[in-house]
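Heads up: the sequence lines are chains A and B, in that order.
No gaps in the numbering here: position 352 of the first sequence is 352 in the numbering used here, and each next residue is one more.
No gaps in the numbering here: position 153 of the second sequence is 153 in the numbering used here, and each next residue is one more.
Backbone N, C-alpha and C fix where the C-beta goes; we use that ideal spot for every residue, glycine too.
Source: prediction; values computed, not measured.
There are 2 protein chains.
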Amino acid sequence: MGADLARRLAVARGDEPADTVVKGGRVLSVFTREWLEADVAIADGWIAGIGEYDGTEIVDAHMHLESSKLLVDEFARLVLPLGTTTVVVDPHEIANVLGTDGVHWLADLCHDLPLDVFFMASSCVPASVYESPRRPLLPGDLEGLLRRRRVLGLAEMMNFPGVVSGSAAELEKLALDGATHVDGHAPGVLGKALQAYAAAGIRSDHEARTVEEGRERLRAGMWLLIREASGARNLRALLPLVEEFGPSRLAFCTDDREPEHVADEGHINSMVRVAVEAGVRPEDALVMASFNPATWHGLKHVGALAPGYQADVLLLPDLERFEPELVLKAGRPVGEIPRPDVPEWVRHTVRIGPLSTNDFAIPWEGGPARVIGIVPDQIVTESLVDQPRVERGLAVADPERDLVKIAVVERHLGTGRVGLGFVRGLGLRSGALASTVAHDAHNVVVVGVKDDDMLRAVRRLAETGGGVVVIDGGIVRAELPLPIAGLLSDASLEDVIGASRACVEAARRQGCAPPSPFQTLAFLALSVIPSLKITDRGLVDVERFELVPLRA
Amino acid sequence: MGADLARRLAVARGDEPADTVVKGGRVLSVFTREWLEADVAIADGWIAGIGEYDGTEIVDAHMHLESSKLLVDEFARLVLPLGTTTVVVDPHEIANVLGTDGVHWLADLCHDLPLDVFFMASSCVPASVYESPRRPLLPGDLEGLLRRRRVLGLAEMMNFPGVVSGSAAELEKLALDGATHVDGHAPGVLGKALQAYAAAGIRSDHEARTVEEGRERLRAGMWLLIREASGARNLRALLPLVEEFGPSRLAFCTDDREPEHVADEGHINSMVRVAVEAGVRPEDALVMASFNPATWHGLKHVGALAPGYQADVLLLPDLERFEPELVLKAGRPVGEIPRPDVPEWVRHTVRIGPLSTNDFAIPWEGGPARVIGIVPDQIVTESLVDQPRVERGLAVADPERDLVKIAVVERHLGTGRVGLGFVRGLGLRSGALASTVAHDAHNVVVVGVKDDDMLRAVRRLAETGGGVVVIDGGIVRAELPLPIAGLLSDASLEDVIGASRACVEAARRQGCAPPSPFQTLAFLALSVIPSLKITDRGLVDVERFELVPLRA
C-alpha cells in the first residue's frame with residue numbers, strides 16, 4: 001500500500017482511469033460465495049474496485065518446493081499458468097541438506113519472482129532424532145528465520161510425539177517470538193493426544209486421511225489442509241466434510257507433488273476440478289483454493305477479488321476444467337522469468353564414506369524379520385513380519401515373495417553409517433533403485449535385489465551430486481540428476497520430466513509396481529509417518545517412536 | 001502460554017488432573033457449529049482438552065465503554081454475569097476529553113480486571129474538523145497508542161469522506177505501523193465510494209442499517225459488525241443476511257449502550273436472544289457473539305471452547321434466554337472486583353466561558369431555517385426546513401410545532417463558542433435538557449424552550465463536573481452527575497440507573513417523547529453521521545460534509 005494509495009482510491013472512486021479493467025466476466029466473491037456481474041479495476045497491481053470477470057486467485061496452503069525437483073524460477077513457469085499465484089512453503093528439504101544457509105539462499109532466489117513465495121520456518125530438522133541431516137536446526141536458527149520478512153511462522157511440527165509428551169525442546173520452539181502461527185503434522189493422532197497437540201497452539205494439520213480424523217481436527221479448532229500429493233492422495237476421502245460443515249476451515253494443499261504430476265494433472269487447480277467433479281459447489285472449491293489458505297496463513301492482501309487486495313486474477317473459461325485462459329499477477333500478465341545463477345556450494349552435497357557390498361550384508365540365522373509394507377497411494381506404511389530367505393548365513397532379497405532389501409546411507413558427512421531392512425509392495429524383480437530424495441534428511445535411500453547393484457547405485461549418486469538412478473546388472477539404466485542439494489535440477493521442466501519418466505519406466509521394466517515408485521521410496525525414510533520406516537540409524541517404529549531391531 | 005504449557009499438555013493427555021472439569025453439558029464447537037457431548041478440562045485458566053458442557057464465550061466486537069457511564073470495574077460487574085468476557089473498545093470519548101493521557105489511564109484501569117478489555121487506537125479525534133475536542137490526536141499520538149500491548153489496531157475511521165477522497169491526513173494514519181487492522185464507520189456509503197473506502201484497507205463496518213448496505217459491504221470484503229445500540233438498533237434489519245450468506249463474516253457489537261439498556265435487556269447475550277427469537281440457529285447466533293468477533297480482531301486465544309483457548313466458559317441453562325447460570329473467566333468464577341482510585345485530573349474537565357442568555361439568542365428576520373429532524377431509534381437525522389417562530393426579531397422555540405432550540409457550547413477550553421439551531425422530534429414542551437455526553441467531542445449539548453433554562457442547564461453542568469441535567473422554570477428537576485471527564489460516574493450501577501431514569505422521567509414530564517432522549521441528544525452533535533448535525537461551530541451538513549448556515 002503506502003504512497004500510491006491516494007491514486008488507487010481515485011481509481012476506485014472513478015476519478016482516474018485504472019491501469020487495467022477486466023470486463024465481460026463474472027467475479028467470485030469469496031466472502032459471500034456468489035458470482036457478481038462486475039468489472040475488476042486494477043491500479044498499480046492492486047484491485048481498486050469491483051464493477052465483470054471470471055476468476056479467483058489460487059494459493060497453496062502447504063507445500064515443499066523441493067518436491068517439484070525444479071528451481072523456483074522453473075516452478076513458477078510451471079504453476080503460474082495453472083493459476084497458482086502464491087505458495088507457502090516449508091523449505092525443510094533444503095534445510096536438512098544445507099541448513100539455514102540453504103533456506104536464506106532459496107528465499108533470496110524467490111525475491112523477484114512473479115510467484116509470491118512465503119516461507120514457514122522448518123521446525124523439525126531433523127524430523128526426529130532417528131534421522132541424520134547435515135546439521136540440526138536449533139531454536140536460534142529458527143529465531144533468525146522467523147525474523148525474515150516473508151517467513152510467516154513455524155512449519156509443520158512433525159515431532160508430534162515430542163509435542164504431545166511436552167518435550168522441552170519442542171516447547172522451546174513453540175515459545176519463540178514469531179511462533180504464534182504454527183502448522184501441524186499429526187498423522188493418525190486422535191483422542192487425548194490430539195487434544196494435547198492442539199492445546200500446544202498448533203492449529204492446522206494436513207495429514208488427515210479419513211472423515212473421522214478430519215472431523216476430530218475441526219472440532220479441536222484445527223484447520224484442515226486437505227492434501228493431494230503425488231504419494232498421498234487424501235482429497236476425495238475428505239470432501240464429505242465440505243458437505244457436512246461447509247468450506248470455512250478447509251484449505252487445499254499439495255504438500256509434495258512430483259513435476260510430472262503437476263504437468264499431467266495440474267496444481268491446486270486440479271484439486272478444484274476433482275472436488276467439483278465429486279459434487280462440491282465450484283464457489284466452495286474455489287474458496288478452499290484461494291481465500292481459505294490465505295486466511296489460515298494470515299495473508300490479508302491475497303486470496304480474494306475485492307478492493308484493497310493484490311490483483312492476482314484468473315480468467316476461467318469454465319467451471320469444469322479450471323484451466324485459466326489468462327493469469328494476472330499483481331495486475332500484469334506473467335512475462336519472462338530470468339534463470340538465476342546457482343552457486344557452487346549448493347551443488348556438492350553428496351559425500352559417501354568408504355563403502356563396499358559388505359555394508360549391505362545382513363547376517364541372519366533364520367527367524368522372522370520386520371518388513372516395511374507399502375500402502376498404495378499413501379505415505380503411511382504397514383509394519384509387517386515375515387521370514388527372509390537366508391543364503392550362506394545372510395538374509396537376502398526374495399523377489400518371488402515381493403521382499404527386497406532397503407538401505408539408507410548417510411550422505412552429508414560421509415560417516416559410512418548404513419541402516420538396513422526389508423520392504424514389500426514394490427514388486428522389484430532385479431537391480432536397484434536409489435535416490436538422494438529421501439525425506440526428510442535426504443540421505444541416500446536404496447532398494448535392491450542384489451547388494452552389488454545397490455552399491456553401484458549409491459556410488460553413481462555420489463558421482464552425479466545426487467538425484468535418482470536405476471541400476472540393473474551393474475549398468476545405469478536411467479537417471480535423473482538433481483545436483484542442487486541432491487534435490488533439485490537446474491534443467492527445464494521438459495528435461496526433468498523426460499528423465500524422471502525414463503527412471504519410472506526403467507524401474508517398471510525391473511518389475512516396480514507403484515505408479516510413483518521414487519515418490520514412494522522418498523517417504524520410506526521419513527521417521528514421523530507411521531508405521532515402520534528406515535533411516536541410516538536403522539528401523540523406526542513410528543507408533544512407539546523408537547528404533548527397533550530388524551529381528552521381529 | 002509459556003512455561004505452564006508442559007503441565008497443560010499433561011492435563012490434556014490425562015496424565016495430570018485438571019484444575020476444573022466442567023461436566024454434564026454439551027459444548028458448542030464454533031468451528032463445526034455442532035454441540036458435542038463432552039467435558040471441558042481446564043488448567044491454569046486455559047482449556048486443556050474437551051471431553052461435556054453447555055457454553056461459549058461472548059465477545060463484543062466494537063463498543064465505547066463510556067456509553068455505559070460506568071467506570072470499568074462497575075461495567076465488568078454488570079456484563080460478566082451476562083456472559084460478556086472480552087470487549088474491544090474504542091476509547092474515543094475519553095480521548096476527546098482527556099487526550100492520550102486519558103486513554104492510558106483507562107487502559108491501566110483495565111489491567112487487572114477479570115474482564116478482558118482490548119483497545120483500538122481512536123483514529124478520529126476529532127471525528128471531523130467541525131468538532132472541538134480538548135485537543136486533536138495526531139499521528140504521533142496514535143503511533144504511541146498502537147504500540148501498547150493491548151491495542152489491536154486503528155479504531156473506526158469515522159472520517160469516511162476524508163478516506164474516500166484520499167485526504168493525506170487520513171492516509172497518514174492508515175500508513176502507521178500497527179494500522180494493518182482497522183475498523184470502519186461508513187454510514188450510508190455505497191457504490192464507488194464504498195469501493196474506495198474498502199480499497200484503503202478498512203475491512204469492517206458497524207453502521208449498516210439495511211440488508212442492501214450489508215450485502216454490499218460483505219461483497220467488498222468487509223466484516224459486518226451488526227450493531228444493537230441504545231440509540232441505533234440494526235439487529236433485526238440485518239438478520240436476513242445470516243440466512244442469505246451464513247454467519248461467517250458477521251459479528252455482534254453494542255457500540256453505544258446505556259446502562260439501563262444493559263440492566264433491562266442484557267448485553268451481547270440480548271442480541272443472541274433476539275436473533276434466535278427471529279429464527280437464527282442458536283449455534284450461528286453464538287458464533288456471531290463469540291468466535292467471529294474474536295476472529296475479526298485477530299484474538300486467537302478467546303472465542304472458542306477448544307484446547308489451547310483461554311477457559312472463558314458460560315453455562316447456559318437454555319438456548320432461549322441466554323442468561324448464563326455460571327460464568328468462568330480464565331477458568332475461575334468471577335470474584336470480588338476492587339474499586340479503583342480516581343485521580344483528580346480526570347474529574348475537573350468542564351470549563352465554560354462567560355455565558356449569558358444572549359449567547360443563545362438567534363436574530364432572525366423571518367424566512368426558512370434548517371431543522372434537525374430526529375429519526376426514532378436511529379442516530380441518523382433528517383435535514384428539514386421550516387419557518388421558525390419569530391418574536392421581537394429573534395427566532396424562538398415553538399413547542400406547538402415540535403420545534404425547539406438546540407445549542408452546543410464548547411466546554412474544554414472555555415472559549416465561549418456556541419453553535420445554535422433547531423430540532424424537531426423531541427416533543428419538548430418546557431424547560432431544557434443538557435448533557436456533556438455529546439459525541440464525539442463531548443461539548444455541552446442543550447435543547448430547550450427557553451433561553452434562560454438552557455443557560456441554567458449549562459451552568460449546572462459546569463458546577464457538577466458534567467453529566468446530564470433536566471431544568472424547568474430555572475430549577476433542577478433531575479440530574480445524573482458524571483464527574484469523570486463529564487462522561488462517567490464512579491457511583492454504583494443502581495445509583496447511575498436510578499439517576500438516569502429520574503432524568504428520563506423528568507424529561508418525559510416536560511413532553512420529551514424518544515425512549516432514550518439523552519442518547520438521542522448525545523448523537524445530535526456527531527458530525528460524521530448523516531444528515532444534519534450541530535457542533536459548537538454551527539450546523540453540519542454531513543452529506544456535503546461542510547458547515548451550513550441556519551438560514552435554509
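>> Between the alpha carbons of B/V103 and B/S122, how many angstroms are there, rounded?
In response: B/V103 and B/S122 have their C-alpha atoms roughly 9 Å apart.
>> What does DSSP give as the partner residue(s) for B/V504 in the beta ladder?
In response: None; B/V504 has no bridge partner.
> Could one say the Cβ of B/L218 lies closer than 7 Å to chain A's Cβ atoms, at least one of them?
Replying inline: A Cβ of chain A is located within less than 7 Å of the beta carbon of B/L218.
>> Check for me: the alpha helix (DSSP H) holding A/K192 runs from which residue to which?
In response: Start and end: G191 to A199.
> If A/L235 sits next to A/A275, beta carbons under 8 Å apart, how far is it from one beta carbon to the other, in whole angstroms?
Replying inline: Right, their Cβ atoms sit about 7 Å apart.
> Between A/G421, A/R477, A/E172 and A/R257, which lies nearest to A/D536 when the distance is taken from Cα to Cα?
Replying inline: Nearest C-alpha to A/D536 among A/G421, A/R477, A/E172 and A/R257: A/G421.
> From the beta carbon of B/Q195, is the nearest beta carbon of chain A less than 7 Å away?
Replying inline: Yes, B/Q195 lies at the interface with chain A (some Cβ there is under 7 Å from its Cβ).
>> Using C-beta distances below 6 Å, list every residue in its chain close to B/I497, excluding the 5 sequence neighbours before and after it, in chain order.
In response: The answer, listed in chain order, is P259, E260 and A263.
>> If we require 3 or more residues per run, which beta strand (DSSP E) segments fall completely within the region 47-104 of chain B?
In response: Counting only runs of 3 or more residues that sit fully inside the region 47-104 of chain B, the beta strand (DSSP E) segments are 58-63 and 84-89, in chain order.
> Under 7 Å between C-beta atoms, does A/F291 make it to chain B?
Replying inline: No, its Cβ sits nowhere closer than 7 Å to a Cβ of chain B.
> Should B/D4 go down as buried or exposed, given a rule of 16 or more other Cβ atoms within 10 Å for buried?
Replying inline: Classified as exposed, B/D4 has fewer than 16 neighbouring CB atoms from the shown chains inside 10 Å of its CB.
>> Please list the terminal residues of the continuous alpha helix (DSSP H) segment that includes A/E156.
In response: For A/E156, no alpha helix (DSSP H) encloses it; the enclosing beta strand (DSSP E) starts and ends at V151 to M157.
>> Starting from B/W223, trace the alpha helix (DSSP H) in both directions and tell me its first and last residue.
In response: Boundaries around B/W223 are those of the beta strand (DSSP E), W223 to R227, since no alpha helix (DSSP H) includes it.
> Can the beta-carbon of A/R77 be found less than 7 Å from the beta-carbon of A/I337?
Replying inline: A contact, by the Cβ cut-off of 7 Å.
> Comparing the C-beta of B/L146 with each C-beta of chain A, is any distance below 7 Å?
Replying inline: By this cut-off, B/L146 is not an interface position.
>> When you compare the CB of B/E32 with every CB in chain A, is at least one pair closer than 7 Å?
In response: In the sequence on display, residue 32 of chain B carries Thr and not Glu. With its beta carbon less than 7 Å from one in chain A, B/T32 belongs to the interface.
>> For A/P481, report the span of its alpha helix (DSSP H) as first-last.
In response: In the DSSP annotation of this structure, A/P481 is not part of any alpha helix (DSSP H); the continuous beta strand (DSSP E) holding it starts and ends at I475 to P481.
> Using 7 Å as the limit for Cβ to Cβ distance, is A/F252 near chain B?
Replying inline: False, the Cβ-Cβ gap to chain B never drops below 7 Å.
> What alpha helix (DSSP H) runs, 4 residues minimum, are completely inside the region 253-311 of chain B?
Replying inline: The region 253-311 of chain B contains these whole alpha helix (DSSP H) runs: 259-265, 268-277, 282-289 and 291-296.
>> Taking only three categories from DSSP, how would you classify B/W364?
In response: B/W364 falls in the coil class under three-state DSSP.
>> Please return the same chain residues whose Cβ sits closer than 8 Å to the Cβ of B/G2, not counting the five positions on each side in sequence.
In response: For B/G2, the predicted structure reports a pLDDT of 49, less than 50, and the residue's modelled location is therefore unreliable. A value from the coordinates is still provided. Cβ neighbours of B/G2 within its own chain (closer than 8 Å, five residues either side excluded): none.
> Nearest CA to the CA of B/A403: which residue from B/V97, B/A369 and B/L355?
Replying inline: Per the sequence shown, residue 403 of chain B should be read as Leu rather than Ala. Shortest Cα-Cα distance from B/L403 to any of B/V97, B/A369 and B/L355 involves B/A369.
>> By the DSSP assignment, the beta strand (DSSP E) with B/G184 in it spans what residues?
In response: First-last of the beta strand (DSSP E) with B/G184: V182 to G184.
> Leaving out the 5 sequence neighbours to the left and right, which residues in its chain are closer than 6 Å to A/H297 when beta-carbon positions are compared?
Replying inline: Excluding sequence neighbours, A/H297 sits near V88 and L152.
> To the nearest angstrom, how far is it from the Cα of A/I362 to the Cα of A/E74?
Replying inline: Just so you know, the alpha carbons of A/I362 and A/E74 end up roughly 43 Å apart.
>> Do B/V468 and B/F523 have their beta-carbon atoms positioned less than 7 Å apart in this structure?
In response: Taking 7 Å as the cut-off, the beta carbon of B/F523 is found no closer than this to the beta carbon of B/V468.
> At a Cβ cut of 7 Å, what residues of the region 221-243 of chain A count as close to chain B, listed as they run along the chain?
Replying inline: Taking 7 Å as the Cβ-Cβ cut-off against chain B, the residues of the region 221-243 of chain A that qualify are G221.
> By Cβ distance below 6 Å, which residues in the same chain neighbour B/V408 in space, the five residues on each side in sequence not counted?
Replying inline: Cβ within range, chain order: G419, N443, V445, A525, I534, T535 and D536.
> Are B/V27 and B/L305 close, meaning C-beta to C-beta below 7 Å?
Replying inline: Yes, the pair counts as a contact, with Cβ atoms nearer than the cut-off.
> A/K329 by DSSP, collapsed to three states: which one?
Replying inline: DSSP places A/K329 in strand when its eight states are reduced to three.
> What is the C-beta distance between A/A43 and A/A6, in whole angstroms, given that I count them as a contact (C-beta under 8 Å)?
Replying inline: With 8 Å as the limit, A/A43 and A/A6 do not qualify as a contact, their Cβ atoms being about 11 Å apart.
> Does the beta-carbon distance from B/V476 to B/R460 come in below 7 Å?
Replying inline: Yes, these two residues count as a Cβ contact at 7 Å.
>> Here's the rule: buried if 16 or more other CB atoms are within 10 angstroms of the residue's CB, otherwise exposed. What is B/T56?
In response: In this prediction, B/T56 scores a pLDDT of 44, lower than 50, which makes its location untrustworthy; no coordinate-derived value is stated.
> Can you tell me whether DSSP reads A/G14 as helix, strand or coil?
Replying inline: In the three-state reduction of the DSSP assignment, A/G14 falls in the coil class.
> To which residues of the same chain is B/L115 closer than 8 Å at the C-beta, ignoring the five residues directly before and after it?
Replying inline: Shown here for B/L115: same chain residues with a beta carbon closer than 8 Å to its own, the five before and five after excluded, namely V72, F75, A76, V79, L80, T84, T85, T86, V87 and K329 in chain order.
> Can you tell which of B/I94, B/M120 and B/Y130 has the C-alpha that lies nearest to the C-alpha of B/R544?
Replying inline: The option with the nearest alpha carbon to B/R544 is B/Y130.
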